[in-house]
Amino acid sequence: MIRLFALAFALIVGFAQAAQPSQEPDEPYVGQAGKDVIWVPTPSTLVDKMLDMAQVGPEDFVMDLGSGDGRNIIAAAKRGARALGVEWEEKLVELSRRRAVAEGVAERAKFVQGDMYEADISQASVLALFLLPVNLEKLKPKFERLRPGTRIVTNGYQISGWEPKEVGVAGGDCAPWCTAYLYVVR
Ligand SMILES: C[S@@+](CC[C@H](N)C(=O)[O-])C[C@H]1O[C@@H](n2cnc3c(N)ncnc32)[C@H](O)[C@@H]1O
């Protein structure tokens with residue numbers, strides 16, 4: 066009898082758990098406050114487009130300033146690149162690390178909690194960014210000191226006064242935020 070009750074309980078709990086939405090703990094929401102810019106994710110089709118435009122490969126060191134849930138960094142690591150995300154919100158850093166582990170790229174996809182304006186970006190060969198014009202403007206002096214040939218690919222917003230080498234639009238089910246700009250440091 067006791068066994069029967071235990072089995073019935075296990076089944077009920079199991080069904081209840083299966084019915085839960087598959088939200089991870091600390092899943093961010095669109096518009097979530099951030100230090101200098103809110104969290105809005107780059108659509109996955111545009112992530113791929115941005116990394117294609119920057120021709121990311123195993124020889125690259127990719128950085129994302131304000132890396133959110135880690136999607137740009139994890140996608141870059143899946144292409145064999147070493148990649149580092151800098152994110153102010155500790156919970157997003159932890160979520161990103163969990164996702165990198167789940168995707169099997171934790172060796173190459175690293176995340177640090179920190180301020181993007183303070184980050185050392187000098188070793189990056191690619192920056193994959195989704196930031197506001199005001200953020201990009203403030204980072205511009207750092208961009209100008211990057212090694213010639215470094216690629217900067219931005220989602221949605223342009224770097225003022227810089228001429229993009231390429232403008233790309235993600236197709237498929239991308240919406241919104243589907244245009245990217247590629248710059249090459251000279
Ligand atoms: C628009 S979201 C972009 C997220 C991710 N890069 C993407 O493309 O999906 C901007 C991110 O920057 C983070 N952020 C805001 N101010 C920051 C700062 N000063 N330093 C580091 N991260 C910051 C926010 O928490 C948010 O996750």
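In the working numbering, the protein residues as written are 66 to 251.
By construction, the Cβ of each residue, glycine as well, lies at the ideal position given by its N, Cα and C atoms.
Distance, residue j Cα to residue i Cα
i, j, result
"GLY145", "ALA193", "15 Å"
"THR244", "GLY99", "22 Å"
"LYS207", "ASP91", "32 Å"
"GLY150", "GLY233", "23 Å"
"ILE217", "LEU196", "12 Å"
"ARG164", "CYS239", "22 Å"
"VAL250", "LYS114", "19 Å"
"GLU228", "ALA142", "28 Å"
"SER132", "LEU116", "15 Å"
"GLU172", "GLY226", "37 Å"
"SER161", "LYS230", "30 Å"
Residue i: CB within 8 Å of a non-hydrogen atom of ligand 1
i, result
"PRO93", "yes"
"MET128", "no"
"LEU196", "yes"
"VAL255", "Residue 255 lies beyond the range of the chain shown here (66 to 251); nothing can be said about it."
"LYS175", "no"
"LYS100", "yes"
"THR107", "yes"
"MET181", "yes"
"VAL151", "yes"
"TRP227", "no"
"ALA148", "no"
"LEU157", "yes"
"VAL191", "no"
"GLU231", "no"
"ILE103", "yes"
"VAL121", "no"
"GLY131", "yes"
Residue environment, residue i, which counts as buried when at least 16 other CB atoms sit within 10 Å
i, result
"SER190", "buried"
"GLU209", "exposed"
"TYR248", "buried"
"SER187", "exposed"
Backbone secondary structure at residue i - three-state DSSP
i, result
"GLU154", "coil"
"VAL232", "strand"
"ARG261", "An answer regarding residue 261 cannot be provided, because it is not within the stretch 66 to 251 covered by the chain."
"ALA240", "coil"
"ALA167", "helix"
"LEU204", "helix"
"VAL249", "strand"
Test: residue i CB closer than 9 Å to a CB of chain C
i, result
"ALA141", "The structure shown contains no chain C; it holds only a single protein chain."
Item to complete: Could you name each continuous alpha helix (DSSP H) segment of 4 residues or more that falls completely within the segment 81 to 152, going from the start of the chain to the end?
Response: 109 to 118 and 136 to 143
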